[in-house]
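A.B. asks:
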Amino acid sequence: MKILSIETSCDDTAITLMNASLNSKKQPVFQILANASNSQIKIHAEYGGVFPALAKREHIKNLPILLEEILQVVRQGLTIKEANLTKKKFSKSHAFLNSQSLALNPAGIDLIAVTYGPGLEPSLWCGIVFAKELAEKLGVPLIPINHMEGHILSTFGKSEGKFTIPKIEFPVLSLLVSGGHTELVLSKKLLQYEIVGETLDDAVGEAYDKVARMMGLPYPGGPQISALAEFARKNADWTQTSADQKQNLFKFSLRQSALSQRESAREFNKIKFPRPMLYSKNFNFSFSGLKTAVLYLIRDLQKENPNILQNNEIKAKIALEFENAVVETLIYKTLKVKEKYKIKTIIVAGGVSCNKHLQREMTKAISPDQGRIKLLFPENKLTGDNAIMIGMAGYLRYIKNKSKTSKISSIKAKGNLRLS
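Taking the numbering used here, the leading residue of the sequence shown gets 284, the next gets one more, and so forth.
#1: For residue 532, which residues in the same chain have their Cβ closer than 7 Å to its Cβ, ignoring the five residues on either side in sequence?
#2: Using DSSP with H/G/I as helix, E/B as strand and the rest coil, what is residue 666?
#3: Sort 396, 411, 340, 291 by Cα distance to residue 695 and report the nearest one.
#4: Tell me the rounded alpha-carbon separation between residue 700 and residue 693.
#5: Assuming residue 446 is part of the beta strand (DSSP E), what are its boundary residues?
#6: So who's on the other strand from residue 396, going by DSSP bridges?
#7: So residue 388 and residue 349 are in contact, right, with Cβ under 8 Å, and what is the actual spacing, rounded?
#8: Residues in the same chain with beta-carbon distance under 7 Å from residue 672, minus the five sequence neighbours each way, listed in chain order, please.
#9: Using 8 Å as the limit for Cβ to Cβ distance, is residue 580 near chain C?
#10: Tell me, please, which residues DSSP counts as bridged to residue 314.
#11: Quick one: grab the DSSP three-state call for residue 481.
#12: Please tell me whether residue 633 and residue 397 are closer than 8 Å, where the distance is taken between their beta carbons.
#13: Just how far apart, CA to CA, sit residue 313 and residue 446?
#14: Should residue 583 be labelled buried (16 or more other beta-carbon atoms within 10 Å of its own) or exposed?
#15: On the premise that residue 417 lies in contact with residue 338, defined as a C-beta separation below 8 Å, what is that separation, rounded to the nearest angstrom?
#16: Check this for me: beta carbons of residue 485 and residue 570, under 8 Å apart or not?
#17: Have a look at residue 419 and residue 493 and give me their C-alpha separation to the nearest angstrom.
#18: According to DSSP, which residues form a beta bridge with residue 656?
#19: If we count the other Cβ atoms within 10 Å of its Cβ and call it buried at 16 or more, is residue 646 buried or exposed?
#20: With contact counted as at least three CB pairs below 8 Å, one residue from each stretch, are the region 622-642 and the region 656-663 in contact?
#21: How should residue 324 be labelled, buried or exposed, when 16 other C-beta atoms within 10 angstroms of its C-beta is the threshold for buried?
#22: Which residue's Cα is closest to the Cα of residue 296: 408, 448, 641, 424?
#23: When burial is assigned at 16 or more other CB atoms within 10 Å of the CB, is residue 623 buried or exposed?
#24: Please report how far the alpha carbon of residue 415 lies from the alpha carbon of residue 689, in whole angstroms.
#25: My understanding is that residue 331 touches residue 502, with C-beta atoms under 8 Å, so please give their C-beta distance in whole angstroms.
#26: Going by Cα to Cα distance, which pick from 294, 643, 572, 450 is closest to residue 308?
#27: Go ahead and pull the three-state DSSP assignment for residue 746.
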C-alpha cells in the first residue's frame, strides 16, 4: 500500500510518500518514493528558539508546496530537487486541495499518517487539519501517530531506497533525547511502551540550547556546543593550536581575551560540573541544576574578567565539561535500566542521538555486552523530525488495528501526548 505521511510537530515541515508491505516472513518492508521537507532554523535563529506563531505560519505555507513536490515526483518521475517549488506562492493555504492536481488520487495513496503529538500544538494542528482535508478529499483512512513512537522506529529506517524492519530482540530500551524530550522507554513487545525514566525539567536538547545562549553562541546551540567540546578533546594543548585552526572549527568570530596564558590555563583547568541525579533511586533525569551550574560559573568568571567569554579556551572547556556531564548521566541511567530489565536491544534516537560523543561513549559502555545486547542509532538524516518515521509508524499501526481506524473528525492535537 502507498502511505502519505505528514510531520509538523515543531519547526520542520515534512511529507513522505512510501510503499509499505509485509514480506514472506511477515516483516514490514518500506520503499521511499518521495520525501520532501522544509527547515525553519534560519527563521527562528534571531529569537534564539522556535517562535510558535511563526512556525505555524510557515507550516501553513509549506504543506501544499511540499505536497505538490511529492505529486510532481509521482507524475513526472522527477527527483525532489527537480520538482522543488519552494518559491511558489499559493493565494490560499489549502486551495491546492481543491485543485485538479488531486483528481482521481494520482499518487494512488491508500493511507495517510499524521503526527498528533507531542509537540507545539499550533504546529501540530497545521499538519492535522491539512491531513484531514486531504484524507476526506481522497477518501482514505487517516492514522494519528505519536511523534516519539516515530523516533523509536526511525532507528530501522533509511532516508531513501528500500528497507526492512528486522526481527527485534525484546525487551527493548529506548533512550529518546531531543529538544523537547528525554525519556527511557521500555518495550516488551512491538508498539508497546512504558516510560521508566524521564526528565523532571529541561530536556537534553533544551539544556544544550540554553547553555549555548549563556555563552553567546548562535541558535541552534547544540551543534555549537558539541563542536567546541570535540575540539577541546582533540586539542588538549591549547598553546600549540593556531588561531586559524580555532577559527575554522568554531565558525564564528570572537576577539581573543586579554587573559595571559597562565590565567587562561588556571581557569581552563578548574571547571567542573555536577552529574545530576546520578545516584537517585529512580531512572529520572534533571538538567536544570546543571544548567544553573554553568550560569553561576560564567557569572563568577565574569566577576574576575568581564570579557572571559571572548576567550575560546574557556568556552571550549565549559562546552566540554557540560557535554561530559550530560552524556555520563544519560549513559549511567541507561545502564541501570538495562541491568534491571535484562534488556536485549538498546535504541538511542531523537535529535540529540546524532551527538558524536554520546554515540562513542554509549558504544563503549555497551561493548562488554557485545553479542548479547544490540545497540542501534538512526542514520543521521533520520535523527531529527521527519515524515519517514511517521509513515513507518502509520503502517504498523494500521496493520495492527485495521478494524479500529480513527474517525477523521476525532483526531486532535495533543501537545503533551505520552507514549503508552
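Positions of the beta carbon are idealized from the N, C-alpha and C atoms, including for glycine.
Fair warning: this is a prediction, and the values are worked out from it, not measured in the lab.
C.D. replies: According to the structure shown:
#1: Note that residue 532 scores 39 on pLDDT, short of 50, meaning its location in the model is unreliable and no value can be drawn from it.
#2: coil
#3: 411
#4: 15 Å
#5: 445-447
#6: 288, 426
#7: Their Cβ separation, rounded to whole angstroms, is 18 Å, which puts residue 388 and residue 349 out of contact at 8 Å.
#8: 433, 434, 436, 437, 440, 665
#9: Among the chains of the structure shown, chain C does not appear; only one protein chain is present.
#10: 302, 445
#11: strand
#12: no
#13: 5 Å
#14: exposed
#15: Between residue 417 and residue 338 the Cβ distance is about 20 Å, and since that is not below 8 Å, they are no contact.
#16: yes
#17: 42 Å
#18: 653
#19: exposed
#20: yes
#21: exposed
#22: 408
#23: exposed
#24: 11 Å
#25: 5 Å
#26: 450
#27: Coverage of the chain is limited to positions 284 through 703, which leaves residue 746 absent and any answer about it impossible.
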